[in-house]
Every structure is written in C-alpha cells, then in structure tokens.
Amino acid sequence: MQTRLAEWIKDTPEGLEADAILRKCVHCGFCLATCPTYNLLGDELDSPRGRIYLMKQMLEGAAVSERTQLHLDRCLTCRACETTCPSGVEYGRLVDIGRNLAEQRIARPFWDRLRRWMLAHVLPSRALFGAALAAGRLVRPLLPARLARRVPARRGAGSWPAPRHGRRMLVLAGCVQPSIAPSINAAAARVLDRAGVSLVEVPRAGCCGAVTFHLNFQEESLAYVKRNIDAWWPHVEAGAEAIVVTASGCGTMVREYGHMLRQDPAYADKAKRISLLARDVSEVVAAEGPALAGQWRASPAPPKVAFQSPCSLQHGLKITGVVEAILRDAGFALTAVPDGHLCCGSAGTYSLLQPGISRRLLHGKVRALESGRPGVIATANVGCLAQIASGTSTPVRHWIELVDERLA
Amino acid sequence: MDAVAAAPGTRERTLDALRAVRPALAIVADDEGLKPFETDAFIAHRETPMLAVMPESEEQVRAVVRACRRLGVPVVTRGAGTGISGGAIPRSDGVLLVMTRMRAIVSLDPVARTATVEPGVRNLAVSEAAAPAGLFYAPDPSSQSICSIGGNVAENSGGVHCLKYGLTTHNLLAVRTVDADGDVVETGSLALDAPGYDLMALVTGSEGNLGVVTRVCVRLLPLPERTETLLAAFASVRQAAEAVGEIIGAGIVPAALEMMDRIVIEACERSMALGFPRGAEALLLAEVDGGEEEAREALAAVRAILERCGATEVRVAADAVERERLWKSRKGAFTALATILPDFYTIDGTIPRRRLPDILERVYALAAEYGLVVGNVFHAGDGNIHPCIFYDANQPGELERGEELGGRILEACVEAGGTITGEHGVGIEKLRQMCVQFRAPELAAFHDVKGAFDPGGILNPGKAVPTLKRCAEWGGMHVHGGQMPRPDIPRF
Amino acid sequence: MEETFVAELCERVRDHAARGRALRIRGGGSKEFYGAPGGEAEVLEVGRHAGIVAYEPKELVLTVRSGTALEEVEAALAAERQMLPFEPPHFEGSGTQPRALATIGGAVASGLSGPRRPYAGAVRDFVLGTRIVNGKGEDLAFGGRVIKNVAGYDVSRLMAGALGTLGVITEVSFKVLPRPAAETTLAFELDQAAAIEQANRWAGQPLPLSATAWEDGRLRVRLSGAATAVAAAKAKMGGEEIDAMQYWQDLRDQRLPFFAGDRPLWRLSVPQTTEPFLPEHGQLVEWGGGVRWIRGHPDPLAVRSTAERAGGHATLFRGGDKSIGVFHPLKPALAKIHRRLKLAFDPAGILNPGRMYDF
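Protein chains in written order, with numbering that gives the first Met the number 0: chain G, 0 to 407; chain U, 0 to 491; chain C, 0 to 358.
Right, dumping it as structure tokens:
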C-alpha cells in the first residue's frame, strides 16, 4: 500500500517499523476471513484491514478520535490475521504501535481510565490478584451462577519434584496463574522431571508484562520485562537451557522481549538472548518426548479431549499440531473442533473490557469445543482456561495437567 | 473516474433521509470512519464516500435506494471489498451500500442441491455449509475465503475451476435484486429456467449497475469422489502451453489447468517454500476429478501427455495435504508476489488458448519496454492470463507507468482475438480498454441496457461501461467512425 | 458475400423500422409452432446466412452463422468427437410434411435445451458471443470467442430465448465439449414420486448422469462419460440396461408416442424436487423432475398457479388456445424491465412483435 507517514513519526523507530509493515499490506482483504470481530460484527472497521487503514490515517497525520480507539480496543490481538495474511503483514506489531499512539492522542473518560489502571496494576500483582480471588472464592456460593462461574475453583498444585537433574530449565511463574491454577507449573515440573529435566521457578520473576503492555501502559510494562530479565540472567549464565512458559499468552510476550528492548543499550543483548531461550512447554515436551515413551499408564482409559489451541499458541508462537501430537502419544483421543482458528474471547483483559463481544465469542467457542462430546477440554493458556471454564460445565484443564496424570 | 463534489446541502439531505429509514440503519458519516472504505482491493485508486450504510435487510436496501433515487445521489454497492478492478470504489458524491451484514444462509436443500443465501455470505461459507451433504459451490475465486456471493454475482467471478464448472453465471438459479426504482426484481427461478428474457444473465457481471443483489440461490454440485492434482515443470512457457492444448485436444476437461512463470515460481518459493522444481521456466498445475475410476484414468492420460510434451518433472499429489500445498502456491501467488516489490497490479485478459505463447512473449517484450517486472500466473485452460505488474507506489510515476503497460497488454489481448477481462470485471480499471474492445453502437447498447434497469443512472455510475464521450477523449477511433486498429480481426 | 448479407439485413431492418412494419424472423421454420402467433408481419429469411466461421477443436470454441443447419453443426463437431452439450431439440417434423430444417440461430433464439440440460447446462450456458442486428438496424457484436469474458453486460446470453424480439441473430460463438466416450441407459420401474426422488438423490452424487425421463411407471436414466465411470455407475445404480439411443433423440425432438396427436402440450418448469401434481393428466417428466410435460386440456389457470406455487412457470408449448398467453405472465417489476429492454433494442417494435408477450 502506498504510504505517506507524517513528519512527526516518519523517522522514529516506530514510524519506520510501521511504514515497513503498512507497505506490505496489499488491501486484499483475506484477513477478514479469520478475524473474530469481523465475523461477529460484519463491519470493515472491525476487521484487520479496516484497523490497518485507521492506523494508517493516524500515522499519516489525520486527526483521530474515539472512533479509531473504539475499533482498536475491539481488536482481540489474537493475530489470526497474521496467520492468514499471504503478504506477511505483522499486524500484531502494528497494532501495538497504533494503540500506543492512539492512547497519547485520544483521552479516555475517567471511569475507563480508572478501570484500565486497576486492571494493569492488580492483575500482574500476585498479592493483589491473589487476595481479590480469595475474596471472590469466599463469596462464590452467594454469587449468581453466571458470575460464580467466572471465579475459578481452586485446585491443589501437588508436589514439585526436587531439582535432581543436571539439566535445568527455568519456568515463568506468571501473575494470575499461580492464584488460579498453581497446578499447571507443578504438572510441567513433574512431566519434565520424568524426562530428565529439572524445572526451576525463580521467585523474583513474575508477570511477563503482557497485561500492562496491552492496556497501553507500555513504559510500565518494560519494568516487568527488565525485572524478569534481571531475575533470570544469573541462571541463564549458570547454564539454564531454556525459559519454559506454560501460558502461551505469556510465551508470546517473552518472545517479544528482544524486539521490545532492541533500542535499550543496557538490555538489548540480554533481552534478545532471553527471547531466544523462551520455549512453550509443548516445544520442550515434544523435544523430550522420546524420554517419556513407555512411561504412560495403561489404565484407566483416558477421556476424549477437545483441544483448544489458544491464539497465542497458534498465531502468536505459530505452534500448531504439537500439543495435539503429545496428547495422542499420551493415549488421548482428540475430538474434531470446528473453526479452531477463532479466539475464545479471553484475550488478556479483553473479557473484562469488551464483555459483550467476549461472551459471544465464548459461546461460539464452547459450542465448537463440545460438538465432538469430549470428556474434558484442554487448552494451553491460563486466560483461555478461565474464560472457557466460565462457559461450560465440561472440565477445562491445561493439557500438561492431563499429560501429567497419564504418567505411570 | 473524476471525484465529483456533491451539490451543497446534498450530504445533509441524504443523511436526514437515511436516518429516517426504519428499521434504523447503521450509518457511517464521519471522515475517520469513511476513509477505510475509500478503496477495495484495487488500491491504485481511492475516493472517500460521502456516506456509508450497512443494511441488514432487503427492506432497508429498498429504502436507501429509493431515498437516493429521489435525491439523485449515486449508490455504490460493496461486498467484502476484494474486487481488483475497482468496481466498489466509492464516490465522494454518493452513498456506499455495504452488504456485509446481510450474511445469512437462508436455506440449504441437499436434495434439490441448492442454497439460498444473502449477498454478504462468503463464497467459501457456502461450500462449507454444503460439505456435510457431499455438495459444493463450484466457483472459487482466489479470494473465496472472504469474497461475498453478492460480489461474485456482480462481477460474474471465475476461479481456478472454470474450465469444467463455469463462472458464477453458470452456477446460479435465481438472483433477487433491488432495481433503481427500489422495486424487487426476481430473475431466474428455482426451476431450471424462467419465463421471459434471461435477465439473470444481464444482472450477473453487471458490476452493481443494474441492481443491488439482495438474495441469491446457487446451484450445488456433488463433491467429486476423487481428485488428482499434478504439477509439471517445463523448460519453456511454449512447451507448457502446448501441453495445455494437447490435454484438451485429447478430450479431457480438467477441473483446473493453471500456469505460473519463473518470476512467480520464485516468489512463491521465497514466501512459502513449497519445494518447487528448481530452474523451471513454467509450472503447470493440473487437476482432474470425478468418480474413482474416471479420475485415475484421466490422471494417467494427463501425465502421459505432460511427459510427451517435454515436462522435466511431473509430481502427483499423494494426498489431500499435498494437494492443499500445491494449491496454496496458486491461490496465494498474487500476494506472495508482494515480496518482489511492495505494489503490484494484476491484469486479466483472455485470449484464444493457442495464442498463449505469443501473448506471453508480447507481455515480456512490453515489460522490457516499460522497464517493469511482470510475473504471470494464470488459468491456462481458459486462456485467461493474469500478468502482474510490479511497481513501487511510493515512487512518483511508477503507478502510471504500470497502468499504461497494463493497458497495452489488454489491447494486445484484443488484437489476439480475446477480451480485456475474463473474470475480474471492468470496474474503473479497464474503462479505457472497453473503447478498444467495443464500438460505439455496442457501448450505446450497454447504456440502453442500463437505462432499462436504472433510468436515473444512480447505480454505480461511471463503472463498467465508459461513456461515448470518454472514449472519444481517450482516442475515439471507433467513435469518430475511423478505421479500427486491426480491421481483419473479428470484432467478437 | 456474407458481410453483404448482414449489410443488407441492416438496411432492411432500418427500412422497416422507419415504416413501422413488423418482421417475422425465420431460419428453417422448424420452431414456427413455438411462441405466440404475433400479428401480421413480413417474413425475414435468415436461413441462407450459413456456414461455420471458425472452429478450433483444441479451443473448444465454435463460431457459426445463424442460418447454418443444426445437423451440419453437429456433424462438424462429431467429426472432432465434440458436441453441443445442451443437446438442442431439432423439432424438424415427421415424415409426411416437408422437413423444416432447424438452424443454429433458431436453436439459440428459442432458448430450448434437450435432455442433457440439467447435467450439462442450457443453451445460454454455452453461448460465448453473439452478433446481432438490433431493431435500429445496427450490426452489434457482444461477448467473444474465448471461454471467459466479462467485458460489458452479458447481452449475448440475453439473446438465448429472446425469440428474436431484441435482435436478429447473425452469428453465434459456442463453448463446445468433448463427446463422452461411453453412454448407456438404465431403466427402473418406479412411480412418479419415487422416480423424481431417486433422480434427485442420484444427481447429488458424483455419477455421470446425462439425462432422465419418466413416463408410464418407467424411469430411464442415461449415463455418459469415461467408460470406467459409466461402468462404475451402472454397478452402483442397478436397474436394467437398455438400448435407448433412439429414445433420447425422440424425446429431444418430441417424436415419442406421448407427444403424438393434437391435444395441447404444456411444459411446466418447476424445481426438480417438486412433488407430483395434477395427476389427472398424462405426464412425462424430464430433467430430473425439472420439466413436467402435460398433455390434454387442463384448466390453464390451474396449470399456471400450480407451477407458480411450486416456484416455477408454465408454457403452452404446442397447440391449445394461445390467446391465454403462451408464456407465463411476468410479475410487474419484471414486466417493466422487459418493456424497457424491448424499447431499447427495438424502439419501433418491429422484430417478432407479440411472439413472446404483448410487445
């Protein structure tokens, strides 16, 4: 597409990056086919192509208003469009740039600002979110069913094997996951332990920074990023093989550390190294798979699984078919899930900020997942887990938990 | 097309009239929201609409058209905006009627093999809905994942399987439109024919000039039992073209017969790494389908012909996954080409198949003359060529040079006994070449046809058919009664 | 000489237009019976404008002058193992009267297709281009000689079935197809409802159907295609294999006993899955249920409303009282556009006036 970026942005790093991305777009419209919001709303402005155009106008110096902000806010950042785009337009990066610029130009109403500030500061804090969740669980029996389902029940983590192997990997602790589902990382640790790898959680590392980043507190988000890098770095130098992430949403973010800090002289090299070391837990389990062969339980027969591939896994990390293969190896039968490319509506804080669209997507997703009558639904991201669980009575688990339970 | 400013007050009057439509209509009236609608997939030209609306029912469409008719405001209809001849580019003095919210599959009858859909339904969604019944909707343009059935009707879209299954016009039973008076006109019928003139033939491919499509009944076909896909590499385009003629001459009607030249092969390889044979000048992608035995028999026959015609390598897709991969290259080719230069411009001419090698030589010669890169990926079985001209839109003058080259190629197609558009439509892109393809009385007849459906000329004016005046300004050889450029060429 | 013919034709039409004198276009006269009688008119003979202009078998494209005999066209195609896929009826009459030779122009103008139509397509589907002389005496060319062409409105297809009321066809280009290598017919004893249902079920499967006909409790199904495909379909479908080459030709040209005699013949074109109706009248069902031929003197209004209720239309095909209108009445919005089109192509109203509707 032809571009004429405005003087104020043209030669900045963001401007150069945005221009290169825009130039790749040929306005063919293929991205509309897989965009969840376009699917629901049927409006060009709620499609990737429409949003690209809105951002292009802003970058070319046109005045922007709540109009642009609304359609950018409605984007789930699921990046299905990137998977679909035949021209390689990096929509996700463009929308990060666009949202940041829009945030600077368009004032939000007070309540909106407050809500976003709260989310950006409560969710990433294990202490605050943990306390809030505990309060929620306390009053859960009193809540109406619809609301109660949004408060996930607590499941015990189980034991964490002592680090007995020479091979070490780090695991991202995360922010909401330890409160909602501490069992996930523990399960990952047990599975990898059986494969000859010890998984270590570094206490000082925490939230990956994605929540704050996508709420457009991009500068603040960098503080989380740097904190994690600082926490991991000594272990990396000591020979940790990888940084394992059990939430694909966070995994996508850690993969971006290198890009985010590429201009930062103090952190650029470290961040790049960290991003290269980041692995989704599925990549690690797949690589260590041979070590697990023969360790699977013979009985009882496992339930049929519907696997929901999170957007961050399939479109962000571009990992497809890997989890499915692991589940099959572990003896699970997978049901067919139509429209697997569509988002479940969780999308970080989206389910809280755009509840209407989010619920509609959730209903569609649950219908698709249950169409094959599975005994359990598996996912690879804690946000999706909480979202889907709020819409179904079928148990929803992280796939690593299922695999863990299949080990004899 | 020239941007025309609406008369003072028109915008406000139109907005009032649209706001009065009941049930209330989604209206876009702010510049910020209108801009993203300023072009379709023919991005070389842009014009911001005066207003845009997104109706959800035929009643609303009728009300919009009636209001615009009354106020003399042009109406441009848009589907998914994937057209590449600019047929849905708005007018600054007009209303853009966006049909993407009318997207219900109204009914699907597996026994009668029909589907009745609203115009905004995606092409592929029809085949997806029909698949459980063992049926499919045959026309499959490259944009089938997103382009709308209404847009397909307006453009008479083709696809890669036209040779066997025809264009959109061959796969319709009934099309319901709203004409410029706001009346509902039902063309075709649920039976295999309809009384009176074949108005469905006129409406199909009329590029939004003869009515707004509000409902379409398409014919569904049984999915073939077996499909075989072959890829053959050739050391020259001429050899590949000869193989095409031989296959058809042997009495085989392949479901598809597609060709790619070296530039496209390399681009696809770069962006998709499909493992194509190296060093090939032309690739031929052939597909045969039918019953188990039939497809197997045809596969053997096609393979033998390809080898006899000098293919350096012939690959047969072993399974559906491999077939999908081969097709991915073809369907994603245009956009993969964006890796060559940021912008490209796709031409759509048809020529008698035997002229393929000549026309490609001519295309390469013209490309050299203009100093531009041109890649070719096209429907060889139909003689429908799609040269892609690469340019850099940020370089002043390059687009204009590309457009001029495109025009020369189309004129060469007409000279070769062909036509200026096989399936993309005229839009605004090929208006000039219409003056080459048709003489003044024929163009006048087209205007008369339009007049029968749209006496006030409010539906997508300025598209598809040039005015005689414009033809005269552009060169006017036919208008001024002068000699035609090649009087010996039949004027078909 | 051929161009002279077109030039003279233009001249004559212009002359008639100026004087407001109607013309009745005639090729071979084989379809004189079809359509409304129209008013008084001078006959315009186009049968001598004959000959194949271009035929490239490898292109699958044939261009012919409108006066060319249909049988000549078919012979030329057969020599290259090709065919007109829409199997046009000839209707050349039987033994006693002098034979009226069907022309290709008449085949297009009448818009009639034969038994293969539901499975291969109609005449309009295979028209690539036409050259016509309109009512203003202008020589116009639309469409082309290539398989895909979307330049300009599809006026060439419009000529198919327009019964010469919009222009005199002088030349037509067709897409042609290879003749199937093998052909056979299967017969099944079924009642009408079961036959219609069965024909539709088969049409939804990848079987090489090329015609169906039901009469007197017997469904005949023709299969055409690669020898292997026909054999496989035969094994799958069962039934009794019969020799029916002549049957299909006689069906196409209405020489079967069903069509004999003078009783009116109605053609009801309805959705293929429409259940049987008007059981009191003798019927022959073609096109997988899409066409129901009715012989006798049914109440025209009942016939028309039955067809319309089913989503189709009824034509008084032969005989009967044509004053009720041969063709199904048009809805107002359609009639409006028909009149305007007629006025656009033939402002003086001199081409076959009244042959189709009252214009």
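Even glycine gets a Cβ: it sits at the ideal position worked out from N, Cα and C.
(message) I'd like to know if M0 of chain G contacts chain U, where contact means its C-beta is closer than 8 Å to some C-beta of that chain.
(response) Locating residue 0 of chain G in the first sequence gives position 1, where the first residue counts as 1. Output row for M0 of chain G: interface = yes.
(message) Counting only C-beta atoms, is F358 of chain C closer than 8 Å to chain U at any point?
(response) The count along the third sequence starts at 1 and reaches residue 358 of chain C at position 359. No - not a single Cβ of chain U is within 8 Å of the one on F358 of chain C.
(request) Taking the CB atoms as reference points, tell me whether V202 of chain U and L333 of chain C lie closer together than 8 Å. (result) The sequence position of residue 202 of chain U within the second sequence is 203, counting from 1. The sequence position of residue 333 of chain C within the third sequence is 334, counting from 1. Against a cut-off of 8 Å, the Cβ pair of L333 of chain C and V202 of chain U comes out as no contact.
(request) Output, in chain order, the set of chain U residues within a Cβ distance shorter than 7 Å of S268 of chain C. (result) What you label residue 268 of chain C is simply residue 269 of the third sequence in a count that begins at 1. A190, L191, D192, listed in chain order.
(message) Counting only Cβ pairs nearer than 9 Å, list the residues of chain U close to T227 of chain C.
(response) For the purposes of this step, residue 227 of chain C is taken as residue 228 along the third sequence, with counting starting at 1. Per Cβ cutoff of 9 Å: G290, E291, E292, E293, R295, E296.
(message) Contact criterion: CB-CB distance below 8 Å. Does N393 of chain U meet it with respect to chain G?
(response) The residue you call residue 393 of chain U lines up with position 394 of the second sequence. Interface residue, yes.
(message) Cβ closer than 8 Å: which chain C residues qualify as neighbours of E224 of chain U?
(response) Your numbering for residue 224 of chain U matches position 225 in the second sequence. Within 8 Å Cβ-Cβ: P205.
(request) Please confirm whether G250 of chain U and P177 of chain C have their CB atoms less than 8 Å apart. (result) Taking the first residue of the second sequence as position 1, residue 250 of chain U is located at position 251. Taking the first residue of the third sequence as position 1, residue 177 of chain C is located at position 178. Yes.
(request) Give the single residue among G:L58, G:H340, G:V196, G:R272 whose Cα lies nearest to the Cα of L31 of chain G. (result) Here the question's residue 31 of chain G lines up with position 32 in the first sequence. Nearest option by C-alpha distance: G:H340.
(request) List the DSSP bridge partners of K174 of chain C. (result) The residue given as residue 174 of chain C occupies position 175 in the third sequence. DSSP lists C:V60 as partners of K174 of chain C.
(request) Please compile the residues from chain A whose C-beta is within a distance smaller than 9 Å of the C-beta of L458 of chain U. (result) The structure shown contains no chain A; its protein chains are G, U and C.
(request) Go ahead and pull the three-state DSSP assignment for L14 of chain U. (result) For the purposes of this step, residue 14 of chain U is taken as the residue at position 15 of the second sequence. Residue state, collapsed to three classes: helix.
(request) Kindly give me the distance between the Cβ atoms of P87 of chain C and A106 of chain C, rounded to whole angstroms, as I take these residues to be in contact under 8 Å. (result) Mapped onto the third sequence, residue 87 of chain C falls at position 88. Mapped onto the third sequence, residue 106 of chain C falls at position 107. Yes, they are in contact, since the Cβ atoms of P87 of chain C and A106 of chain C sit about 4 Å apart, within 8 Å.
(request) Hey, could you find the ends of the beta strand (DSSP E) E209 of chain C is sitting in? (result) Taking the third sequence and counting its residues from 1, the one referred to as residue 209 of chain C is at position 210. Before going on, a small fix: residue 209 of chain C reads as Ser here, not Glu. From DSSP, the beta strand (DSSP E) with S209 of chain C extends over 208 to 214.
(request) Pick out the complete beta strand (DSSP E) segments inside the region 57 to 86 of chain U, 3 residues or longer, and give them in chain order. (result) 74 to 77
(message) Counting only beta-carbon separations shorter than 8 Å, does K57 of chain C have a partner in chain U?
(response) For the purposes of this step, residue 57 of chain C is taken as residue 58 along the third sequence, with counting starting at 1. Yes, K57 of chain C lies at the interface with chain U (some Cβ there is under 8 Å from its Cβ).
(message) Can you pull the chain U neighbours of E43 of chain G, defined as C-beta to C-beta under 8 Å?
(response) Here residue 43 of chain G corresponds to residue number 44 of the first sequence, with the count starting at 1. Per Cβ cutoff of 8 Å: P35, F36, G80, V97, T99.
(request) Would you kindly work out how many angstroms separate the C-alpha atoms of P221 of chain U and G203 of chain C, rounded to a whole number? (result) Within the second sequence, the letter at position 222 stands for residue 221 of chain U. Within the third sequence, the letter at position 204 stands for residue 203 of chain C. Between P221 of chain U and G203 of chain C, the C-alpha separation is close to 5 Å.
(request) Entirely within the region 35 to 61 of chain G and at least 4 residues each: give me those alpha helix (DSSP H) ranges in chain order. (result) 35 to 40, 47 to 58
(message) Tell me which residues of the region 43 to 59 of chain G have at least one Cβ-Cβ distance to chain U shorter than 7 Å, keeping chain order.
(response) The region 43 to 59 of chain G vs chain U, Cβ under 7 Å: E43, L44, G49, Y52, L53, Q56.
(message) Per the DSSP calculation, D408 of chain G is bridged to which residue(s)?
(response) Residue 408 of chain G is absent from the model: chain G starts at 0 and stops at 407.
(request) Kindly list the residues whose CB is nearer than 7 Å to the CB of A5 of chain G, restricted to its own chain and excluding five residues on each side of it in sequence; keep chain order. (result) Translated into the one-based positions of the first sequence, residue 5 of chain G becomes position 6. Correct list, in chain order: L58, E59, G60.
(request) Return no unless some Cβ of chain C is closer than 8 Å to the Cβ of D178 of chain U. (result) Residue 178 of chain U sits at position 179 when you count from the first residue of the second sequence. With its beta carbon less than 8 Å from one in chain C, D178 of chain U belongs to the interface.
(request) Can you tell me which of the three DSSP states A258 of chain U falls into? (result) Locating residue 258 of chain U in the second sequence gives position 259, where the first residue counts as 1. First, the residue type needs correcting, since residue 258 of chain U is Met and not Ala in the sequence shown. Of the three classes helix, strand and coil, the one that applies to M258 of chain U here is strand, per DSSP.
(request) Give the DSSP bridge partners of C24 of chain G, in chain order. (result) Taking the first residue of the first sequence as position 1, residue 24 of chain G is located at position 25. Answer is none; C24 of chain G lacks a bridge partner.
(request) Can you pull the chain U residues whose beta carbon is under 7 Å from the beta carbon of R123 of chain C, in chain order? (result) Within the third sequence, numbered from 1, the residue matching residue 123 of chain C stands at position 124. What R123 of chain C touches in chain U: D197, A200.
(message) Taking the beta carbon of S235 of chain U as the centre, do at least 16 other beta carbons fall within 10 Å, making it buried, or is it exposed?
(response) Residue 235 of chain U sits at position 236 when you count from the first residue of the second sequence. S235 of chain U comes out exposed.
(request) With DSSP as the reference, label P319 of chain C as helix, strand or coil. (result) As a working mapping, residue 319 of chain C is identified with position 320 in the third sequence. In the sequence as presented, Pro is not what sits at residue 319 of chain C; that position holds Gly. Of the three classes helix, strand and coil, the one that applies to G319 of chain C here is coil, per DSSP.
(message) Going by C-alpha to C-alpha distance, which of G:R396, G:Y349, G:D268 sits closest to L326 of chain G?
(response) On the first sequence, residue 326 of chain G is found 327 positions in, with the first residue counted as 1. The option with the nearest alpha carbon to L326 of chain G is G:R396.
(message) Spatial neighbours of A6 of chain U within its chain, please: C-beta separation below 7 Å, excluding the five flanking residues on both sides.
(response) Here residue 6 of chain U is taken as the residue at index 7 of the second sequence, counted from 1. Scanning its chain for C-beta atoms nearer than 7 Å, with the 5 sequence neighbours on each side dropped, one finds no residue around A6 of chain U.
(message) So, with DSSP's three-state summary, where would you put E265 of chain U?
(response) Residue mapping note: residue 265 of chain U aligns to position 266 of the second sequence, counting from 1. Correct three-state label for E265 of chain U: helix.
(request) Please classify H327 of chain C: is it buried, with 16 or more other beta-carbons within 10 angstroms of its beta-carbon, or exposed? (result) Your numbering for residue 327 of chain C matches position 328 in the third sequence. With 16 or more other Cβ atoms within 10 Å, it is buried.
(request) Could you list which residues in chain G have their beta carbon closer than 8 Å to that of E31 of chain U, in chain order? (result) Within the second sequence, the letter at position 32 stands for residue 31 of chain U. Chain G residues near E31 of chain U: L53, Q56, A61, A62, V63, S64, R66, T67.
(request) Pick helix, strand or coil for D342 of chain U, following the three-state DSSP scheme. (result) Locating residue 342 of chain U in the second sequence gives position 343, where the first residue counts as 1. Three-state result, D342 of chain U: strand.
(message) When you compare the CB positions of D279 of chain G and I318 of chain G, do they come within less than 8 Å of one another, or not?
(response) As a first step, residue 279 of chain G is located in the first sequence; it is residue number 280 there, counting from the start. As a first step, residue 318 of chain G is located in the first sequence; it is residue number 319 there, counting from the start. Yes, they are a contact pair.
(message) On the DSSP letters alone, give me the boundaries of the alpha helix (DSSP H) that A230 of chain C sits inside.
(response) The count along the third sequence starts at 1 and reaches residue 230 of chain C at position 231. Where A230 of chain C is concerned, the enclosing alpha helix (DSSP H) stretches over 226 to 236.
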